[in-house]
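Numbering (the UniProt record's numbering), first residue to last: 1 to 338. What follows is a short report on a single structure.
Pasting the structure below:
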C-alpha cells in the first residue's frame, strides 16, 4: 500500500519490560552533560570581561581621545622642561620661556608637536585603565555597590599597572623620543610611524619598553591615588548611596583634587620615567641608577622639575577625564543594561 507524503510518521513500537522482569533491574547508564552549566557559568564569570568592563573600555577610549586634544600643550611643556637637564646648559628659563621659544621657532602649532603620538596612545591607555578598573570594582564591591578603602586603592593600582604594561610604556617611550628628537638640529623621525619603525629597528621591541619599572610604579601609584580620592569623595557626597547621581561639575572638582594629590605623590617617578625614555636613556644602567644620577648631579629639587606645568595639566586632565567618562557611562548604562 502506498504511503502518502502527508501521512503521519509511523513510530516503531518500543517493547515494555514488566517490572518483575530481570532486565528491569539492570541499571541504565545516564549520559552526563558535556559541560556542567554551573561550571560554565562560573568560568564565564571568572574569565570573561563583564559588560561593565566592556562599557568602561569603550567610554574610556572615547574619553582619552577627547581629553588629550584639550590638554596636550601643557604636556608638551612639561616634557620639554624635564628633558632640559640642569647638569648641562638649560635652554629654558621656565614655563613661559619654554612657550615663547617654541612659538617663536615653530609657531603656535609647535605646542602640538607629538600630538598624534599621544592620540594613538591615549585612546588604548584610557580604555585599558577604565575597563580594568570597572572589572576589578565589579569583583571587589559589596552588595550595595560600594568599595572598601582598601578596595579603592587596590582597584586603582590594578588599573594603573594594566595600563602601564599594555599601553603607557611603549607609547610614552615613543612620545618622549619623538619630542626629544624634534629639538635636535636634524630630526631623524619623519613622523609617528617612521619613529616607531626606527626605534624597533635600532633597539628591538625592548626599545619601546625603556623605563617600564618606573612607568609601572608611576601609573600604579597614580591611579591608586586618583581612583581612591574620586571614589572616596563620591562616597562622601552621596552618603554611601551608589545609586545617587553626582553632578558632573562636582565630579570634575573631585577629579581636580585627585589630580593634584597624584602630582605631589609621584612627580619624582614621573621625572625618572621621562629620563629613562629619552634619547639619552642609554647613559643610565637602570631606573635606580637614573634616580641616583639625578640626585647626585642635579640635587633633590630636580625630581620636581616640571611640577607646576604638570600640576595644571593633571588637574585639568583628571577633571575633564572623569566628567567625560561619567557622562558616557551614564548614557551607556541607560542604553545597555548589565
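Where a beta carbon is used, it is the ideal one built from N, C-alpha and C, also for glycine. In this text, all values refer to a predicted model and were calculated from it rather than measured experimentally.
Just so you know, the alpha carbons of residue 139 and residue 104 end up roughly 52 Å apart.
Excluding five sequence positions before and after residue 62, the CB atoms of its chain that fall closer than 7 Å to its own CB belong to 328, given in chain order. Residue 50 has its alpha-carbon roughly 9 Å from the corresponding atom of residue 134.
Within the same chain, and ignoring the five residues on either side of residue 271 in sequence, the residues whose Cβ sits closer than 8 Å to its Cβ are 82, 294, 302, 303, 304, 305, 306. For residue 311, same chain residues with a beta-carbon under 7 Å away, outside a window of 5 residues either side, are 260, 263 in chain order.
Under the Cβ criterion (8 Å, minimum of three pairs), the region 265-279 counts as touching the region 175-192. In the same chain as residue 223, and ignoring 5 residues on each side of it, the C-beta atoms closer than 6 Å to its own belong to 156, 159, 160, in chain order.
Contact between residue 95 and residue 253 fails: their C-beta atoms lie close to 24 Å from each other, not under 8 Å. The three-state reading of DSSP puts residue 297 in helix, counting H, G and I together.
If the five residues before and after residue 207 are omitted, its C-beta is found closer than 8 Å to the C-beta atoms of 173, 199, 200, all from its own chain and listed in chain order.
Membership of residue 97 in the alpha helix (DSSP H) is indicated by the continuous run 95-106. In its chain, beyond the 5 residues on either side, 63, 66, 67 have a beta carbon closer than 7 Å to the beta carbon of residue 324. Shown here for residue 235: not one same chain residue has a beta carbon closer than 6 Å to its own, the five before and five after excluded.
Residue 148 and residue 226 have their C-alpha atoms spaced approximately 15 Å apart. Under the three-state reduction of DSSP output, residue 129 falls in the helix class. Taking residue 130 as the centre and dropping the five residues before and after it, the same chain places the C-beta of 56, 57, 59, 60, 63, 159, 325 closer than 8 Å to its C-beta, in chain order.
Within the same chain, and ignoring the five residues on either side of residue 112 in sequence, the residues whose Cβ sits closer than 8 Å to its Cβ are 72, 73, 76. Rounded to the nearest whole angstrom, the CA to CA distance from residue 233 to residue 97 is 37 Å. Taking residue 70 as reference, the option from 144, 119, 107 with the minimal CA-CA separation is 119. The Cβ atoms of residue 102 and residue 114 lie no closer than 7 Å to each other. In this structure, residue 256 and residue 167 do not form a Cβ contact; the two beta carbons are roughly 24 Å apart against a cut-off of 8 Å.
By the neighbour-count definition (other C-beta atoms within 10 Å, threshold 16), residue 266 is a buried residue. When DSSP states are grouped into helix, strand and coil, residue 181 belongs to the helix group. Classified as exposed, residue 108 has fewer than 16 neighbouring CB atoms from the shown chains inside 10 Å of its CB.
Excluding residues up to 5 positions away in sequence, 84 lie with their Cβ nearer than 6 Å to the Cβ of residue 90 in the same chain. By the neighbour-count criterion, in which a residue is buried when 16 or more other Cβ atoms sit within 10 angstroms of its Cβ, residue 242 is exposed.
Between the C-alpha atoms of residue 228 and residue 331 there is a straight-line separation of about 24 Å. Counting the other Cβ atoms within 10 Å of the Cβ of residue 191 gives fewer than 16, which makes it exposed. Here residue 258 has 226, 229, 230, 318 as same chain residues with Cβ atoms under 6 Å from its own Cβ, once five neighbours each way along the sequence are excluded.
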